[in-house]
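If you want this note's numbering, it's the position in the sequence shown, counting the first as 1, plus 28.
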Amino acid sequence: MTRPENRIPLFTRLLTAEATGADAAPFAEVLGRAREAEAAGIDALLLHDRQSAAPAPADAPHFESGTLTAALAVATRGIGLVTTVCTEQALPYHAARALATADHLSHGRSGWQPDTRADPAAAGNYTRAGSASAAERRARAEEFTQVLTGLWDSFDDDAFVRDRASAAYFVPEKLHPLDHRGDHFDVAGPLNIARPPQGHPPLVHRVADADDIAFAARVADVVLAPADSAPALRDTVRELARRAGRPDPPVVLLDRPVDSAPGAAAELRALVDSGVADGFTLLAPPGPAGAAHHAVLALTAELRAAEPPTAPPATLRARLGLRRPPGRYRSAPATTPDDYAHSMPEGGSRG
Numbered sequence: 029m030t031r032p033e034n035r036i037p038l039f040t041r042l043l044t045a046e047a048t049g050a051d052a053a054p055f056a057e058v059l060g061r062a063r064e065a066e067a068a069g070i071d072a073l074l075l076h077d078r079q080s081a082a083p084a085p086a087d088a089p090h091f092e093s094g095t096l097t098a099a100l101a102v103a104t105r106g107i108g109l110v111t112t113v114c115t116e117q118a119l120p121y122h123a124a125r126a127l128a129t130a131d132h133l134s135h136g137r138s139g140w141q142p143d144t145r146a147d148p149a150a151a152g153n154y155t156r157a158g159s160a161s162a163a164e165r166r167a168r169a170e171e172f173t174q175v176l177t178g179l180w181d182s183f184d185d186d187a188f189v190r191d192r193a194s195a196a197y198f199v200p201e202k203l204h205p206l207d208h209r210g211d212h213f214d215v216a217g218p219l220n221i222a223r224p225p226q227g228h229p230p231l232v233h234r235v236a237d238a239d240d241i242a243f244a245a246r247v248a249d250v251v252l253a254p255a256d257s258a259p260a261l262r263d264t265v266r267e268l269a270r271r272a273g274r275p276d277p278p279v280v281l282l283d284r285p286v287d288s289a290p291g292a293a294a295e296l297r298a299l300v301d302s303g304v305a306d307g308f309t310l311l312a313p314p315g316p317a318g319a320a321h322h323a324v325l326a327l328t329a330e331l332r333a334a335e336p337p338t339a340p341p342a343t344l345r346a347r348l349g350l351r352r353p354p355g356r357y358r359s360a361p362a363t364t365p366d367d368y369a370h371s372m373p374e375g376g377s378r379g
């Protein structure tokens with residue numbers, strides 16, 4: 029599947045601080061920013077979260093990420109919503125249910141970002157030792173991902189027939205237990221929610237080093253990389269993904285600190301045209317949240333003004349040019365999100 033022609037994928041972090049300082053903004057103001065980002069053409073909002081008190085108040089998330097996602101899902105129409113999940117503290121069955129629910133509520137606009145950072149304070153809040161190495165945290169996150177995708181495939185796409193004439197609600201043969209036993213998790217399954225509209229809500233991962241790049245190439249649908257990354261990073265990620273047997277390469281987004289320098293939009297488009305990046309994460313400048321938010325919107329508007337005025341696809345996967353994966357228990361080819369939208373009743377269902 030390909031993205032709309034000449035459309036550059038753009039992500040940004042949703043700012044939840046007050047316009048005048050670091051205190052939490054009321055939800056109405058946060059929702060207003062989300063809707064403004066949607067109208068400007070941002071493809072997805074990164075919803076920051078953490079499992080302990082932030083050392084700096086300005087870095088506090090202010091809202092729990094999953095709850096905020098659910099609230100925004102029913103109050104926005106087109107923008108993607110990427111929830112942060114701390115894979116060190118969370119359990120995959122709960123995360124799978126929450127993320128599937130968000131995808132149903134948003135009609136295919138949810139994504140998730142595994143947080144694998146070491147945080148001793150968070151470990152203390154969850155009675156974990158907090159001494160795992162970076163390699164151990166990545167291994168746990170990778171198994172976490174395997175469990176999530178397996179649980180999302182618990183029901184085939186056509187499992188729910190809802191046929192009143194025959195009194196058949198779903199086809200039992202199209203429900204599959206998981207029976208996962210691994211180094212970190214034992215999960216029986218199946219999930220008690222219908223398969224998400226996107227099949228698997230896309231996984232977004234920020235890379236920090238070579239090992240992280242290899243991890244992202246194996247599991248991520250979207251790779252976020254620092255602005256000073258090597259020009260060959262995109263090619264490296266694609267090659268590692270190919271070696272891992274993945275049919276489609278991840279989308280690579282470079283950080284772009286937003287400033288008032290002239291020609292920024294032309295510079296970003298040149299980077300995409302040269303193959304350095306597929307798109308960008310627009311980083312708000314320092315200062316009051318309101319002004320920072322509007323600086324991001326201004327650059328977004330400038331970038332979108334140079335693109336054909338076509339309506340973006342409905343789902344986050346489609347906006348990124350990512351195919352919808354088929355369920356693991358059937359051999360049917362991957363379908364497009366539009367095909368699925370016409371065949372699947374709205375909302376989720378419980379088995």
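Note that CB positions come from ideal geometry on N, CA and C, so glycine has one too. The structure displayed is predicted, hence computed values, not measured ones.
Tell me S138's beta-bridge partners as DSSP assigns them.
BP columns for S138 point to L109.
Expressed to the nearest angstrom, what Euclidean distance is found between the alpha-carbon atoms of D240 and L268?
Cα to Cα, D240 sits roughly 12 Å from L268.
Is the beta carbon of D426 sitting closer than 8 Å to the one on E171?
This structure leaves residue 426 out entirely; the chain is present only between 29 and 379.
For A360, which residues of its own chain have a beta-carbon under 7 Å away from its beta-carbon, when the five flanking residues on both sides are left out?
At A360 the pLDDT is 43, less than 50, meaning the model places this residue with poor confidence and gives no usable figure here.
Where D366 and E33 are concerned, what is the direct C-alpha to C-alpha distance, given to the nearest angstrom?
Residue placement at D366 is flagged as unreliable, the pLDDT there being 43, under the threshold of 50; a coordinate-derived value is accordingly withheld.
Out of curiosity, what's the CA-to-CA distance linking V324 and A62?
If I take the Cα positions, the gap works out to 12 Å.
So, does the region 257-276 touch the region 315-331, judging by three or more C-beta pairs under 8 Å?
Contact fails: fewer than three Cβ-Cβ distances are below 8 Å.
Indicate the three-state DSSP secondary structure (helix, strand or coil) for G291 in the structure shown.
Three-state DSSP puts G291 in coil, outside helix and strand.
Look up D143 in the DSSP assignment and say whether it is helix, strand or coil.
In this structure, D143 counts as strand in the three-state DSSP scheme.
Quick check on the burial criterion: 16 or more other C-beta atoms within 10 angstroms. Buried or exposed for P290?
Counting Cβ neighbours within 10 Å, P290 comes out exposed, since fewer than 16 surround it.
Please state whether the Cβ-Cβ distance between V114 and A88 is less than 8 Å.
Per the sequence presented here, residue 114 reads as Cys, with Val not at that position. For C114 and A88, no; Cβs fall outside 8 Å.
How is F213 classed by DSSP in three states: helix, strand or coil?
Reduced to three states, the DSSP call for F213 is coil.
Out of curiosity, what's the CA-to-CA distance linking L74 and P278?
So the alpha carbons of these two residues sit roughly 17 Å apart.
May I have the straight-line CA-CA distance separating R246 from A167, to the nearest angstrom?
R246 and A167: Cα-Cα distance of roughly 11 Å.
With DSSP as the reference, identify every bridge partner of H233, one or two as the case may be.
Paired residues: V251.
Could I get the ranges of all uninterrupted beta strand (DSSP E) runs contained in the region 49-131, with 3 residues as the minimum, in chain order?
List check, beta strand (DSSP E) in window: 72-75, 108-114.
Please state the DSSP three-state secondary structure of G375.
Low confidence applies to G375: its pLDDT is 37, below 50, so where it sits in the model is not reliable enough to give any reading.
Give me the residue from F213, A342, A50 with the minimum Cα distance to A84.
A84 has its Cα closest to that of A50, out of F213, A342, A50.
Does DSSP put P365 in a helix, in a strand, or in coil?
Any reading at P365 must be qualified, since the residue scores a pLDDT of 40, below 50, and its modelled position is unreliable; no value is offered.
In terms of DSSP beta bridges, what is V280 paired with?
According to DSSP, which records beta bridges pairwise, V280 is partnered with V251.
Mark S134 as exposed unless 16 or more other C-beta atoms lie within 10 angstroms of its C-beta, in which case mark it buried.
Buried, because 16 or more other Cβ atoms sit within 10 Å of the Cβ of S134.
Alpha carbon to alpha carbon, what distance is there between L59 and A329?
C-alpha separation (whole angstroms): 19 Å.
Can you check DSSP and say which residues form a bridge with H25?
Examination of residue 25 is not possible in this model, given that the chain is present from 29 through 379 alone.
Pull the bridge partners of T40 from the DSSP assignment, please.
Paired residues: L73, L310.
Using three-state DSSP, classify L400 as helix, strand or coil.
Nothing can be reported for residue 400, as the shown portion of the chain is limited to 29 through 379.
Rounded to a whole number of angstroms, what is the C-alpha to C-alpha distance between L179 and L206?
Approximately 7 Å, taken between the alpha carbons.
To the nearest angstrom, how far is the alpha carbon of P224 from that of A126?
One C-alpha to the other measures close to 11 Å.
Looking at L296 and L331, is the spacing between their C-beta atoms short of 8 Å?
Yes, the Cβ-Cβ distance between L331 and L296 is below 8 Å.
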